[in-house]
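Input: a single structure, listed below in structure tokens.
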Amino acid sequence: MPELRFLYHNGKEYPASNWRLQQGFDVPTLSIKRVKSLVAQKIEKLKNYQLCDAYWLLIIVEFWDPSQDQDINWPKGESIGPTPFERILIYKPAFEQVTEVIK
Numbered sequence: 018m019p020e021l022r023f024l025y026h027n028g029k030e031y032p033a034s035n036w037r038l039q040q041g042f043d044v045p046t047l048s049i050k051r052v053k054s055l056v057a058q059k060i061e062k063l064k065n066y067q068l069c070d071a072y073w074l075l076i077i078v079e080f081w082d083p084s085q086d087q088d089i090n091w092p093k094g095e096s097i098g099p100t101p102f103e104r105i106l107i108y109k110p111a112f113e114q115v116t117e118v119i120k
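Those letters in the sequence shown? Residues 18 to 120, per this note's numbering, in order.
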């Protein structure tokens, strides 16, 4: 039944029991396209940075940003391709969650 996603029954009988609606939300997944766009922007800015042996990129998801609600786990089998960054990390401060982007 596609209209029903969740059903809860606690096993207790109530004298005036009836069905009630409950609201639920889907948590959006990480936008790979958006991450690739951000990485491309940072690669352009890298030309103006001080020369270093290695570069890491930290993408911080702001607490007030609606994307804070998304799941930031990197999907299996997905890669971003070669970049000048040794590591690319996505960080959600409110949940203290860190995900490494696979190159």
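Glycine residues also receive a C-beta, built at the ideal position from the N, C-alpha and C atoms.
{"Query": "Quick one, which of ILE60, PHE80 and ASP82 has its alpha-carbon nearest TYR72's?", "Result": "ILE60"}
{"Query": "Evaluate the contact criterion for the segment 27 to 36 versus the segment 60 to 70: three or more CB pairs, one atom per stretch, below 8 angstroms.", "Result": "no"}
{"Query": "Could you give the distance in angstroms between the alpha-carbon of THR100 and the alpha-carbon of LYS120?", "Result": "7 angstroms"}
{"Query": "To the nearest angstrom, how far is the alpha carbon of TYR11 from that of ARG51?", "Result": "Absent from the model: residue 11. The displayed extent of the chain is 18 to 120, so no value can be given."}
{"Query": "Whole angstroms is fine: what's the gap from GLU95's alpha carbon to SER54's?", "Result": "15 angstroms"}
{"Query": "Distance, Cα to Cα, GLY41 vs TRP81?", "Result": "21 angstroms"}
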